[in-house]
Amino acid sequence: MSRKESIKKLREQLVRRRDALQRALEGDLSLLRELHQERTGDVLDAAADTVQDELNSQLIEAESRELSAINEALERIKRGGYGNCDSCGKPIPLTRLRAIPYATDCIGCRRKAETRSAGGRAVMWNRVFDNAEVDSY
Ligand SMILES: [Zn+2]
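The working numbering puts the sequence shown at residues 113 to 249.
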């Protein structure tokens, strides 16, 4: 599959995820549950440990953050520039994009950023997804 085709697929995933998150934030969790059931075993849900917790209202903040990350990614797909690292400008490997379709930096730059700002909540949240891709390919 070409990179272009892969990104088209990722876009579909992003749209579905966005819709599910939007509904979840409006209080309707059924779509999100459906999506999780469907994707069991998939690399996106290697973060399955967090899935149950997503139903927890404490994570509404994380969902909002993910939602804006997704919207930004969709915007970049439209505008161009999607899939390139914000920091070094190189294409982000597809394996990473499949694990985190809204990633805006490559693993190398992400690690560097984490070292610089160790400890923040946002960093921990990203790390859940980063770990998910490590042993998947
Ligand atoms: Zn980079």
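Glycine included, each C-beta is placed from N, C-alpha and C at the ideal position.
What do you reckon, are the CB atoms on Arg115 and Leu186 nearer than 9 Å? In the sequence shown, residue 115 corresponds to position 3, counting from 1. In the sequence shown, residue 186 corresponds to position 74, counting from 1. Against a cut-off of 9 Å, the Cβ pair of Leu186 and Arg115 comes out as no contact.
Environment of Asp217 [buried if 16+ CB atoms lie within 10 Å]: Translated into the one-based positions of the sequence shown, residue 217 becomes position 105. When all chains shown are included, Asp217 counts as buried.
Around ligand 1, which residues pass a check of Cβ closer than 5 Å to any of its heavy atoms? Spelled out in chain order, the answer is Cys197, Ser199, Cys200, Cys218 and Cys221.
Thinking C-alpha only, which one of Glu173, Gly192, Glu138 and Gly220 is nearest Lys120? In the sequence shown, counting from the first residue as 1, residue 120 sits at position 8. Closest by alpha carbon: Gly192.
Other residues of its chain near Leu133: CB distance less than 8 Å, five sequence neighbours each side excluded: Residue mapping note: residue 133 aligns to position 21 of the sequence shown, counting from 1. Contacts found: Leu144, Glu175, Glu178, Leu179 and Ile182.
Just mark Ile172 as buried or exposed, buried being the case when its beta carbon has 16 or more other beta carbons within 10 Å. Along the sequence shown, one-based indexing puts residue 172 at 60. An exposed status is given to Ile172, since fewer than 16 other beta-carbon atoms sit within 10 Å of its beta-carbon.
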